[in-house]
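Asker: Just so you know, the sequences run in chain order A and B.
Residues in the first sequence are numbered consecutively from 17, following my numbering.
Residues in the second sequence are numbered consecutively from 17, following my numbering.
2 protein chains.
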Amino acid sequence: MTKMTTTPELLLENQLCFTIYACSREITKLYQPYLDSIGVTYSQYLVMLVLWERRQCTVKEIGEALFLDSGTLTPLLKRLQAAGLILRERSLQDERKVLISLTEQGWALQKDALCIPSKMMEGTAMTGDEFVDLLAQFKNLLGRVHDTNLLSKK
Amino acid sequence: MTKMTTTPELLLENQLCFTIYACSREITKLYQPYLDSIGVTYSQYLVMLVLWERRQCTVKEIGEALFLDSGTLTPLLKRLQAAGLILRERSLQDERKVLISLTEQGWALQKDALCIPSKMMEGTAMTGDEFVDLLAQFKNLLGRVHDTNLLSKK
DNA sequence: TTATATTATATTGTGTACAATACATTATCA
DNA sequence: TGATAATGTATTGTACACAATATAATATAA
Numbered sequence: 017m018t019k020m021t022t023t024p025e026l027l028l029e030n031q032l033c034f035t036i037y038a039c040s041r042e043i044t045k046l047y048q049p050y051l052d053s054i055g056v057t058y059s060q061y062l063v064m065l066v067l068w069e070r071r072q073c074t075v076k077e078i079g080e081a082l083f084l085d086s087g088t089l090t091p092l093l094k095r096l097q098a099a100g101l102i103l104r105e106r107s108l109q110d111e112r113k114v115l116i117s118l119t120e121q122g123w124a125l126q127k128d129a130l131c132i133p134s135k136m137m138e139g140t141a142m143t144g145d146e147f148v149d150l151l152a153q154f155k156n157l158l159g160r161v162h163d164t165n166l167l168s169k170k
Numbered sequence: 017m018t019k020m021t022t023t024p025e026l027l028l029e030n031q032l033c034f035t036i037y038a039c040s041r042e043i044t045k046l047y048q049p050y051l052d053s054i055g056v057t058y059s060q061y062l063v064m065l066v067l068w069e070r071r072q073c074t075v076k077e078i079g080e081a082l083f084l085d086s087g088t089l090t091p092l093l094k095r096l097q098a099a100g101l102i103l104r105e106r107s108l109q110d111e112r113k114v115l116i117s118l119t120e121q122g123w124a125l126q127k128d129a130l131c132i133p134s135k136m137m138e139g140t141a142m143t144g145d146e147f148v149d150l151l152a153q154f155k156n157l158l159g160r161v162h163d164t165n166l167l168s169k170k
């Protein structure tokens, strides 16, 4: 028996944070081949999901939906614009806002993306019930942590 | 009722991937004030957890423990070295390997880190049972996804 | 024992993430 | 109305994250 050099609380295998962090990156890798085939990154794909759903958004709205700030979104959106998938234009009503909308090419990409979710289900080797259950638990945790973060901002 | 512009599979709220991704980033934010106070980043903290546990590691071993590659670890380890927390030295037995170990200052930091896990438990507002249960489920998911990724590498 | 393959790390380039700051625009109040 | 605050986006700087490639050292095989 080797002498312990740390405590149970600090063991990597007991860290929920690490498990989630590693999970997130491994899932991104799972998407990689499919995202490569449609030519967007994982974060860009999430932005496209938001736009397919809402048609038009401000940068702020996209940020609220994805929990991302403008320092991340601005360059990302410029790359999507350069790829011809979205339009960026200042609102005429309020010139502080930048309106993001889809080009025809951006809408066309939706068809290519349709098969991705089912491929991912396969990759996680989960049943539909497991998926629904896990999603609910994650959302619950996300809600709690997000609330704590909001409180500590004030 | 507005006309739907996307399908249920592509709705952001149905994406397990996004929920986990957002969760991971929000949890990192939860750690931020405590990590700031001990002067390391989140990824650097994870490397320190590995080293407090194993005393000495090669870069490869740290990468396997954290699912990170050398492109991420090399600069990160150099910053930890510059901060005086670790040592980096080539193995005499096999000069391809770089051995990472803790300085006295690196060990001293462990005391300051001891309080962090309990603070995080508070931030997630979970009971001990919920925590154990959730951790088991995420580990299960991580294992499955990691296996799928390993298979597709071959 | 050389040629070949494998292993371990480092480097480079692209793309996030986010804090901090700057800046222009709009809203509000004295 | 003029000053002040709040809002929305962009910019800058630091630190990952990873694919692809390079390089050096070790192991293996003919």
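For every residue, glycine included, the Cβ atom is placed at its ideal position computed from N, Cα and C.
Out of Glu146/A, Pro49/A, Lys127/A and Thr22/A, which has the shortest C-alpha to C-alpha gap to Thr21/B?
Answerer: For the purposes of this step, residue 21/B is identified with residue 5 of the second sequence, where counting begins at 1. Residue Lys127/A is the option with its Cα nearest to Thr21/B.
Asker: Smallest Cα separation from Glu42/B: which of Arg71/A, Tyr37/A, Lys45/A and Thr44/A?
Answerer: The residue you call residue 42/B lines up with position 26 of the second sequence. It is Tyr37/A whose Cα lies nearest to the Cα of Glu42/B.
Asker: Show which residues of chain B have a CB atom less than 7 Å away from the CB atom of Gln72/A.
Answerer: In the first sequence, residue 72/A corresponds to position 56, counting from 1. Counting only Cβ-Cβ distances below 7 Å, Gln72/A has no contacts in chain B at all, with the closest Cβ about 10 Å away.
Asker: Which value, in whole angstroms, describes the spacing of the CA atoms of Glu138/A and Ser53/B?
Answerer: Residue numbering aside, residue 138/A sits at position 122 when the first sequence is read from its first letter. Residue numbering aside, residue 53/B sits at position 37 when the second sequence is read from its first letter. Looking at the two C-alpha atoms, the distance is approximately 42 Å.
Asker: Looking at chain A, is there any beta carbon in it that lies within less than 8 Å of the beta carbon of Ala141/B?
Answerer: Residue 141/B sits at position 125 when you count from the first residue of the second sequence. True, the Cβ-Cβ gap to chain A drops below 8 Å.
Asker: May I ask you to report which of helix, strand or coil DSSP gives Val56/B?
Answerer: What you label residue 56/B is simply residue 40 of the second sequence in a count that begins at 1. Coil.
Asker: Just list the residues that DSSP pairs Arg104/B with in beta bridges.
Answerer: The residue given as residue 104/B occupies position 88 in the second sequence. In the DSSP assignment, Arg104/B forms a beta bridge with Ile116/B.
Asker: Give the single residue among Ile78/A, Gln48/A and Leu26/A whose Cα lies nearest to the Cα of Leu65/B.
Answerer: Against the second sequence, residue 65/B aligns to sequence position 49. Nearest to Leu65/B by alpha-carbon distance, out of Ile78/A, Gln48/A and Leu26/A, is Leu26/A.
Asker: Tell me which same chain residues have a C-beta within less than 6 Å of the C-beta of Tyr61/A, skipping the five on either side of it?
Answerer: As a working mapping, residue 61/A is identified with position 45 in the first sequence. By the criterion of a C-beta distance shorter than 6 Å, Tyr61/A is surrounded in its chain by Leu51, once the five residues flanking it on both sides are discounted.
Asker: Which bits of chain A does Arg41/B rub up against, with CB to CB less than 7 Å?
Answerer: Stepping through the second sequence from its first residue, residue 41/B is reached at position 25. By Cβ distance, chain A contributes Phe83.
Asker: Count the other CB atoms, across all protein chains shown, that sit within 10 Å of the CB of Val148/B; report buried if there are 16 or more and exposed otherwise.
Answerer: The count along the second sequence starts at 1 and reaches residue 148/B at position 132. Flag for Val148/B reads exposed.
Asker: Can you name the residues of chain B whose CB is closer than 8 Å to the CB of Leu125/A?
Answerer: Counting from 1 along the first sequence, the entry for residue 125/A is found at position 109. Within 8 Å Cβ-Cβ: nothing; Leu125/A doesn't reach chain B, min ~11 Å.
Asker: On the DSSP letters alone, give me the boundaries of the alpha helix (DSSP H) that Thr140/A sits inside.
Answerer: Against the first sequence, residue 140/A aligns to sequence position 124. It spans Ile132 to Thr140 - the alpha helix (DSSP H) in which Thr140/A sits, taken as one unbroken run.
Asker: Can you give me the Cβ contacts of Leu89/B inside the same chain, cut-off strictly under 7 Å, excluding the 5 residues immediately before and after it?
Answerer: Residue 89/B sits at position 73 when you count from the first residue of the second sequence. Val75, Ile78 and Gly79.
Asker: Looking only at its chain, what residues have a beta carbon closer than 6 Å to the beta carbon of Ala81/A, apart from the 5 residues adjacent to it on each side?
Answerer: By one-based count along the first sequence, residue 81/A stands at place 65. For Ala81/A, where only same-chain residues beyond five positions count, the Cβ hits under 6 Å are Val66.
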